[in-house]
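Numbering (full-length UniProt numbering), first residue to last: 1 to 418.
Beta carbons are placed, not taken as given, at the ideal position from N, Cα and C, and that holds for glycine.
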């Protein structure tokens with residue numbers, strides 16, 4: 001293909017080589033890529049905007065009481081959708097014009113602030129994914145303390161910290177993004193470039209910092225939190241660590257009184273499973289105790305089966321979340337580090353790789369609503385209410401306490417919206 005001067009994705013400024021500009025020989029004035037790439041970006045943009053808008057509508061709508069119910073998880077999902085919506089809005093349309101137009105046509109102000117907001121919203125999205133993984137880890141592994149830690153106030157504080165850090169880390173982009181005129185291959189054109197004149201070491205340090213803070217560290221934290229969360233789902237155990245379902249299975253066929261099975265020999269049940277807490281002694285000295293014990297055995301056995309299914313589903317979610325994050329952002333960071341510390345080839349293969357990296361990064365903002373919202377049964381039900389123009393009769397509370405009492409045995413079931 002004919003070599004032409006284009007914009008940011010195709011040219012790199014090397015101030016160590018007398019401000020020389022090297023451009024991708026991959027786009028001609030009438031090449032099909034000038035149409036195909038904007039159309040491809042447009043489809044990703046449309047899909048992501050529809051998905052994130054639906055999440056915002058469902059989570060932001062007012063219930064019949066007039067005030068929206070907010071759990072910590074919903075606050076993080078809402079913030080994730082806002083970040084992904086903003087990232088797509090500020091990034092994809094402008095990036096599409098960069099690939100379809102020979103120069104930057106939006107002026108100096110948008111040159112600086114569009115790229116600043118792209119970096120900031122990208123980091124907000126990534127940091128929110130980390131916060132959600134920590135939130136779900138606490139909900140499962142530290143269920144007893146989760147009601148205090150996973151409060152609405154702490155979630156809002158976490159979101160505020162996420163935005164503050166993201167806007168702070170993106171400041172160098174606003175400082176060094178400039179509108180550049182007079183490129184030797186196109187002297188009458190304007191280009192929006194990230195210029196670090198005379199200080200390449202600072203630019204390299206910044207790129208490495210973004211790679212560590214915005215990819216490597218989040219990947220480690222997300223992997224650890226979801227892995228520990230999967231391991232944290234255990235069978236219902238007694239205070240001594242014995243499986244309750246096995247104990248009850250043996251007890252329900254033994255006499256409730258007498259030397260073979262005195263009350264004092266029965267292990268107290270103080271167990272926890274995803275918020276379920278059991279305490280007390282399952283046996284009674286009358287006929288009702290047998291019925292209670294049988295009922296309890298059947299109930300705990302069902303819970304244990306659900307626990308096994310939940311553990312398998314959680315393991316699948318772990319693989320999905322980690323794989324999506326890893327694949328979505330790895331090509332982008334490979335190119336960034338390669339450009340700064342190596343000789344990135346400028347040919348048709350590298351051009352295609354660059355396009356793929358863009359599509360994967362943008363696609364992450366489309367997939368996030370599916371992983372973190374649409375896979376939830378409660379969210380799908382709320383979506384049906386939106387599409388059928390019906391309001392929910394009563395939104396589920398974020399945290400509720402249900403107590404069930406049977407004779408002298410009591411169970412406490414604490415469910416958390418996770």
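Counterpart residues of residue i in DSSP-defined beta bridges
i, result
"residue 365", "None; residue 365 has no bridge partner."
"residue 179", "192"
Exposure label - residue i; buried when at least 16 CB within 10 Å
i, result
"residue 194", "buried"
"residue 381", "exposed"
"residue 142", "exposed"
"residue 341", "exposed"
"residue 76", "buried"
"residue 316", "exposed"
"residue 157", "exposed"
"residue 128", "buried"
"residue 325", "buried"
"residue 212", "exposed"
"residue 209", "exposed"
"residue 140", "buried"
"residue 429", "What the structure shows of the chain is the stretch from 1 to 418, and residue 429 is not part of that stretch, so it cannot be assessed."
Delimiting residues of the alpha helix (DSSP H) encompassing residue i
i, result
"residue 170", "Here residue 170 belongs to no alpha helix (DSSP H), and DSSP marks it neither H nor E."
"residue 113", "107 to 141"
"residue 206", "200 to 211"
"residue 76", "72 to 100"
"residue 53", "33 to 60"
"residue 373", "Counting along the chain, residue 373 falls outside any alpha helix (DSSP H), and DSSP gives it neither H nor E."
From the options, residue whose alpha carbon lies closest to that of residue i
i, options, result
"residue 174", "160, 213, 206", "206"
"residue 105", "136, 148, 180", "180"
"residue 42", "93, 50, 74", "93"
"residue 328", "204, 127, 368, 387", "368"
"residue 96", "355, 134, 73, 163", "355"
"residue 159", "135, 171, 347, 89", "135"
"residue 59", "387, 379, 215", "379"
"residue 361", "383, 338, 385, 215", "215"
"residue 176", "203, 164, 161, 162", "203"
"residue 165", "189, 117, 133", "117"
* Asked: Quick check: the segment 118 to 137 against the segment 82 to 95, are there 3 or more CB pairs under 8 Å?
  -> Taking a cut-off of 8 Å on C-beta distances, the segment 118 to 137 touches the segment 82 to 95, as three or more cross pairs fall below it.
* Asked: Three or more C-beta pairs closer than 8 Å, one from the segment 196 to 215 and one from the segment 104 to 116: is that the case here?
  -> no
* To do: Check whether the segment 325 to 338 touches the segment 32 to 52, taking contact to mean three or more Cβ pairs, one atom from each stretch, closer than 8 Å.
  => no
* Is there contact here, the segment 47 to 62 with the segment 360 to 374, by at least three beta-carbon pairs under 8 Å? -> yes
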